[in-house]
């Protein structure tokens, strides 16, 4: 598509530094549509190398056609693919029409999602496992403190991340409508979701039951889902500090979750924890991690 036509499509002045663009149009019979399309005829996703704000929105009208344009930096879109934490960007990327892609960036991202192999699958599995573990621990702590509704909310989110793991293990990229994907796979997590949400047992009993199932799943999936972290730890002879691990590009989005994963791997003898004197003796001995 020519730049002039793309300018007409988005209804605004086109910046030639844009790396690519995707158009997502209203489709009345679509089973799932991005919330970005609410009250708009079309969403145009404009991809930039970098931008100061993570996302910038503009609204335009041409005749009776209303368009919402989303300007997003490449790092934010890559993070949405890996972390699955921005359904609207994912829906635009996967379901939209590529209308401008001079460097092939958007096309390659979509092909990686369709193939869903190698580094992308490995990183998604680890990301989802880390968040699964995090929400499991939070739910358990809330239940111990008699905060049943908070425990319920956290274990529901834990099941969501478990569902994304199940879809990934089956060789599919987890879509925003992940429960529809899981339903067709006939995996235990869908039955557990129903147990949690529609069972006649007390809320405490339901949460306790799901937490037991989560604990078993975490143990059985740990080695395969943590292969990314294990590979990083084994990539050099020197041990790693938590600071160094969080500076690694594959682990940096997991500031809250990574410490939990490390402790769990140590407790299961998957990795080793070693100590050394810290630079500041007053801080005690520094903890480092290795295989």
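Residue numbers (our numbering): 1361 to 1651. Cβ atoms here follow ideal geometry from the backbone N, Cα and C, with glycine treated the same way.
- Residue 1384 is positioned such that its CB atom lies no closer than 7 angstroms to that of residue 1465.
- If you keep only unbroken alpha helix (DSSP H) runs of at least 4 residues inside the stretch 1488 to 1570, you get 1508 to 1529, 1538 to 1545, 1548 to 1558.
- For the pair residue 1635 and residue 1646, the Cα-to-Cα distance works out to about 5 angstroms.
- According to DSSP, residue 1431 shares a beta bridge with 1406, 1416.
- CA-to-CA, the gap between residue 1505 and residue 1624 works out to about 22 angstroms.
- Scanning 1498, 1483, 1475, 1477 for the CA closest to the CA of residue 1439 turns up 1483.
- Straight through space, the alpha carbons of residue 1399 and residue 1650 are spaced by roughly 52 angstroms.
- In the structure shown, residue 1379 falls within a coil segment according to DSSP collapsed to helix, strand and coil.
- Comparing C-alpha distances from residue 1617 to each of 1548, 1578, 1493, 1457 shows the shortest one belongs to 1493.
- With fewer than 16 other CB atoms across the displayed protein chains lying within 10 angstroms of its CB, residue 1435 is exposed.
- Residue 1574 places its beta carbon less than 7 angstroms from that of residue 1496.
- When DSSP states are grouped into helix, strand and coil, residue 1472 belongs to the helix group.
- Annotation: residue 1627 to residue 1462 spans about 49 angstroms, alpha carbon to alpha carbon.
- In the three-state scheme derived from DSSP, where H, G and I count as helix and E and B as strand, residue 1448 is classed as helix.
- Selection 1485, 1526, 1633 evaluated against residue 1602 yields 1633 as nearest (Cα-Cα).
- Around the beta carbon of residue 1499, 16 or more other beta carbons lie within 10 angstroms, which makes this residue buried.
- The DSSP-derived three-state label of residue 1438 is helix.
- With respect to the 7 angstroms criterion, residue 1528 and residue 1485 are classified as neighbours on the basis of their beta carbons.
- Rounded to whole angstroms, the Cβ separation of residue 1590 and residue 1600 is 12 angstroms, and the two are not in contact under 8 angstroms.
- Membership of residue 1604 in the alpha helix (DSSP H) is indicated by the continuous run 1602 to 1606.
- Here residue 1631 carries a coil assignment [DSSP, helix/strand/coil].
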